[in-house]
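Data first, discussion second: the structure below is written as structure tokens.
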């Protein structure tokens with residue numbers, strides 16, 4: 008009798024222990040199943056890669072870095088022709104050679120490494136899904152600055168100017184059309200604006216998307232590296248982004264032909280784009296602390312050396328950091344030993360950030376007249392005169 012009671016007690020203890028272990032495991036699995044929980048908790052920037060696929064490869068790769076405290080975001084376009092040494096493939100190739108629609112992990116890791124920022128989340132859909140998604144959302148509003156009319160293209164492209172609402176078929180055309188006289192940067196900007204307009208529309212239709220009747224339909228149109236709960240939690244968060252204030256950045260570099268294909272190699276072996284990402288993320292944080300501004304500062308770039316190309320390359324560099332280049336030219340003389348900045352902005356913090364980009368500490372201040380304001384003054388906020396101490400990226404002392 009005593010032995011049987013002991014056996015029963017042992018069994019009961021074993022059952023309780025199993026239940027406790029099972030409960031802990033269930034909680035752990037639940038936490039792991041919602042990777043968006045940690046990323047969206049607290050005062051953090053959320054990084055997401057949106058991919059629009061065509062023929063199994065990215066037509067658009069849109070890295071969105073969103074700060075929920077201010078609804079501010081920055082976006083980086085990652086061109087498919089970006090050339091990198093891809094270790095897993097053992098060769099130099101396009102970055103989109105890594106993309107697998109069924110498992111974007113390798114591609115996501117390469118994009119994260121390129122930008123120098125961890126991007127844990129990926130949301131993807133193909134062209135056909137885009138059409139269905141846009142129709143499900145009752146269209147996507149977007150502003151088209153100039154009308155587009157091309158009767159010779161296949162398909163025919165007819166786009167009116169102004170504020171329009173694209174249906175699914177028009178959204179497909181807007182994303183995929185190519186015109187002979189359209190610059191590559193213009194095509195990239197157009198597609199990125201469509202992606203932002205779609206994200207905004209998702210925010211406007213959030214309750215509709217999450218309704219029991221629509222949710223399964225929408226889920227069938229998109230792929231992600233998250234489970235359903237994490238996906239909708241993330242989508243709900245980033246749909247609050249103020250798309251009108253999003254600055255789209257592009258990876259800039261030099262084009263070279265490798266093994267019969269033209270690849271774009273990032274400037275300075277990729278260090279420049281990492282610097283741009285780092286400063287852009289810092290600017291989001293400064294805005295939340297009351298120290299940032301939506302103002303876009305203007306710059307005049309002058310070459311004070313005998314070396315050609317310095318001003319143009321530096322202008323490209325500064326554009327990457329979000330500055331507006333007003334003019335490029337030569338200084339009044341070509342024998343500047345030291346680079347210097349002329350500051351007309353009157354903003355101590357802003358000129359320091361500007362100087363830090365190329366490590367220029369020589370700053371000369373030039374006051375605007377009382378009748379002039381930033382909106383009326385034809386001069387730039389900053390003039391940078393490049394001297395012989397500039398190596399193309401930094402001031403070297």
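Numbering (our numbering), first residue to last: 8 to 404. Idealized CB from N, CA, C, for every residue including glycine.
By the criterion of a C-beta distance shorter than 7 Å, residue 327 is surrounded in its chain by 256, 259, 279 and 283, once the five residues flanking it on both sides are discounted. Segment contact: the stretch 393-400 against the stretch 336-355, three or more CB-CB distances shorter than 8 Å; contact assigned.
Comparing alpha carbon positions, the residue from 323, 229 and 253 closest to residue 273 is 323.
At least 8 Å separates the beta-carbon of residue 171 from that of residue 206. Distance from the CA atom of residue 156 to the CA atom of residue 261, rounded to whole angstroms, is 32 Å. Contact between the stretch 159-170 and the stretch 218-226 is absent, with fewer than three C-beta pairs closer than 8 Å. Assigned with DSSP and collapsed to three states, residue 84 falls in strand. According to the DSSP assignment, residue 240 belongs to the alpha helix (DSSP H) that extends over 235-245.
Look at residue 77 here: in three-state DSSP terms it is coil, with no helix or strand label. Between the C-alpha atoms of residue 75 and residue 129 there is a straight-line separation of about 18 Å. Take residue 303, set aside five residues on each side of it, and the residues of its chain with a beta-carbon closer than 8 Å to its own are 329, 330 and 331, in chain order. For residue 131 and residue 369, the gap between their C-alpha atoms comes out near 47 Å.
When DSSP states are grouped into helix, strand and coil, residue 286 belongs to the helix group.
Fewer than three Cβ pairs drawn from the stretch 201-218 and the stretch 101-119 lie within less than 8 Å of each other, which leaves the two stretches out of contact. Using a Cβ distance threshold of 8 Å, residue 123 and residue 285 count as a contacting pair.
Relative to residue 218, the option among 127, 310, 243 and 269 whose CA is nearest is 243.
In the three-state DSSP reduction, residue 350 falls in the strand class (E or B).
Annotation for residue 263: the continuous beta strand (DSSP E) segment containing it runs 260-265. Distance from residue 118 to residue 68 at the Cβ level is roughly 7 Å; contact confirmed, criterion being Cβ atoms closer than 8 Å. For residue 269, the pairing in a beta bridge is given by DSSP as 264. Around the Cβ of residue 305, a 10 Å sphere holds 16 or more other Cβ atoms; the residue is buried. With distances taken between CA atoms, residue 144 lies nearest to 174 out of 166, 174, 167 and 342. The three-state secondary structure of residue 253, taken from DSSP, is coil. Contact check for residue 365 against residue 401 passes: the beta carbons are separated by less than 8 Å. Residue 92 carries a strand assignment under DSSP once its states are collapsed to helix, strand and coil. Beta-bridge partners assigned by DSSP to residue 390: 307 and 349. Ranked by Cα distance from residue 81, the first of 70, 91, 89 and 90 is 70.
Straight-line measurement puts the Cα of residue 55 at about 23 Å from the Cα of residue 146. Taken atom to atom, the span from the alpha-carbon of residue 245 to that of residue 73 is near 7 Å.
Classified as exposed, residue 96 has fewer than 16 neighbouring CB atoms from the shown chains inside 10 Å of its CB.
DSSP places residue 213 within a helical segment (H, G or I) once states are collapsed to three. 138 is the residue among 116, 138 and 288 whose C-alpha sits nearest the C-alpha of residue 182. For residue 100, the enclosing beta strand (DSSP E) covers residues 98-101. Distances from the CA of residue 334 to each of 216, 387, 345 and 371 were compared; the closest alpha carbon is that of 387. For residue 138, the enclosing alpha helix (DSSP H) has its first and last residue at 134-143. As a beta-bridge residue in DSSP terms, residue 336 pairs with 309.
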